[in-house]
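Peer 1:
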Amino acid sequence: MTRIEAWTLASALALHIGALAIARSVPDINLLAREHAREMDLIDVEIEKEEIVEHDDIVPEDEVEPENMQAGAIVDSPSTPDRRRDRRRNPSSTGGTGDPDAENPAGEGPVADGGPGGQEEEWTTPDGGGWTPPGMGANGPIYNDKSLFDMPQTGPKAPTKAPKGKKADRGIANKVINDAVLAEDKKLGLDFPAGGTIASLFKSAVQGSDTPAEATASFAVALGPGGKVKSVTFVSASAGSESQWKAVAATVKAALASRKLTLSGHYVKGANVSVRVLSKMQMPSGNKVGAGLDLSLTQKFDVADIGARPVRVVSASHNATPVE
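Numbering of the sequence shown is given in this note's numbering, commencing with residue 7 and proceeding in unit increments.
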């Protein structure tokens, strides 16, 4: 063991011994608290019980008879505030002396008397007599508010029968469904199959007629039950004479008379068909006649138009409404 280690060990031992000595010299916490405490003073109080003295001469209230006037004090009238006030105002009328310990003239006991007094008390007396607390009674403020005492009124009797509902159209459901189906078929062109036949007949009639090559015309076709043609009428045209277009209408009517058109669904009772015919001249490629070449370095054209002559192209469209 070196000298440094010996000094270190000795120092540590001295510190431990000093700490233990200091800890033993410090008093306990409980002892410190007891030094500042003071003794509690106790005071004994003796309570004497009072003996209950029973009097044999006292008659219970429920056993007192009206004619037994010796059972209690004689009272000339109920000692109520209004009666005491009257006695104060007129002492001679009641025979009061103003002394609550005064003897009854008959010598049979004290007389209840409020004594003289000129100051009127705050409470009031109802018109019907008797005493009530201030603010109460028939004329009190609480009874003047009628809303506090309104009885609920009897309401009308509840109905014993359910009200009749509105009559609904039995066919409303079918009508809604049919309208939806008709609208969808109309988008697809399936609502009126006979319309395609009528449009084709108008295209053929205009194609082989002497009507102007560049024109539009409108026609009206009336069909009856079973697809029977009632009439084919010329309505209007952008070019040509009326006789030319009426000839087209007559040709279509004759062609429809020899055909059997099928009407179903909404068109069982018949149909009113409007037809629009468009006639124009164009090249085989679909370009307009006389389009020519553009003044540019690049030219666009269809080789099908080289050396070709313009042709007449006729198209027809229709719109049908059922007969109600």
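Cβ atoms here follow ideal geometry from the backbone N, Cα and C, with glycine treated the same way.
1) Tell me where the beta strand (DSSP E) around Gln288 begins and ends.
2) Beta-carbon within less than 8 Å of Val319's beta-carbon, same chain only, minus the 5 sequence neighbours each way: which residues are those?
3) Measuring alpha carbon to alpha carbon, tell me which residue in Trp251, Leu48, Asn180 and Ala205 is nearest Ala219.
4) Of the choices Pro231, Leu48 and Ala226, whose alpha-carbon is the least far from that of Ala243?
5) In this structure, does DSSP put Leu267 in helix, strand or coil?
6) Around the Cβ of Leu19, are there at least 16 other Cβ atoms within 10 angstroms (buried) or fewer (exposed)?
7) Excluding the 5 residues flanking Thr239 on each side, which residues of the same chain have their C-beta closer than 6 Å to its C-beta?
8) Only counting runs of 4 or more residues, tell me where the alpha helix (DSSP H) segments fall wholly within the segment 179-229, in order along the chain.
9) Identify the continuous beta strand (DSSP E) that holds Thr239 and give its terminal residues.
10) Leaving aside the five residues before and after Ile49 along the sequence, list all residues of the same chain whose C-beta is less than 7 Å from its C-beta, in chain order.
11) Considering His22, what are the terminal residues of the beta strand (DSSP E) in which it resides?
12) Where Pro111 and Glu56 are concerned, what is the direct C-alpha to C-alpha distance, given to the nearest angstrom?
13) Assign Leu269 to one of two classes, buried (16 or more other C-beta atoms within 10 Å of its C-beta) or exposed (fewer than that).
Peer 2: Quick answer:
1) Taking the sequence shown and counting its residues from 1, the one referred to as residue 288 is at position 282. First-last of the beta strand (DSSP E) with Gln288: Ala277 to Gln288.
2) Start at 1 with the first residue of the sequence shown, and residue 319 comes out as number 313. Once the five neighbours on either side are set aside, the close Cβ partners of Val319 are Ser285, Lys286, Met287 and Gln288.
3) The sequence position of residue 219 within the sequence shown is 213, counting from 1. Ranking the options by Cα distance to Ala219, first place goes to Trp251.
4) To locate residue 243, count along the sequence shown from 1; it is residue 237. The alpha carbon of Ala243 has as its nearest neighbour, out of Pro231, Leu48 and Ala226, the alpha carbon of Ala226.
5) Looking up residue 267 in the sequence shown gives position 261. The three-state secondary structure of Leu267, taken from DSSP, is coil.
6) Your numbering for residue 19 matches position 13 in the sequence shown. Leu19 is exposed by the Cβ-count criterion.
7) Locating residue 239 in the sequence shown gives position 233, counting from the first residue. Within the same chain, and ignoring the five residues on either side of Thr239 in sequence, the residues whose Cβ sits closer than 6 Å to its Cβ are Ala226.
8) If we require 4 residues or more, the alpha helix (DSSP H) runs fully inside the segment 179-229 come out as 200-213.
9) Residue mapping note: residue 239 aligns to position 233 of the sequence shown, counting from 1. Per DSSP, the unbroken beta strand (DSSP E) holding Thr239 starts and ends at Val235 to Ala243.
10) Position 43 of the sequence shown, counted from the first residue, corresponds to residue 49. So the list is empty, once near-sequence residues are dropped.
11) By 1-based counting over the sequence shown, the position of residue 22 is 16. Not the beta strand (DSSP E): His22 falls in the alpha helix (DSSP H), residues Arg9 to Ser31.
12) The count along the sequence shown starts at 1 and reaches residue 111 at position 105. The count along the sequence shown starts at 1 and reaches residue 56 at position 50. Because Pro111 carries a pLDDT of 47, less than 50, the predicted location of this residue cannot be relied on, and the following value inherits that uncertainty. Those two C-alpha atoms are separated by around 38 Å.
13) For the purposes of this step, residue 269 is taken as the residue at position 263 of the sequence shown. So Leu269 ends up on the buried side.
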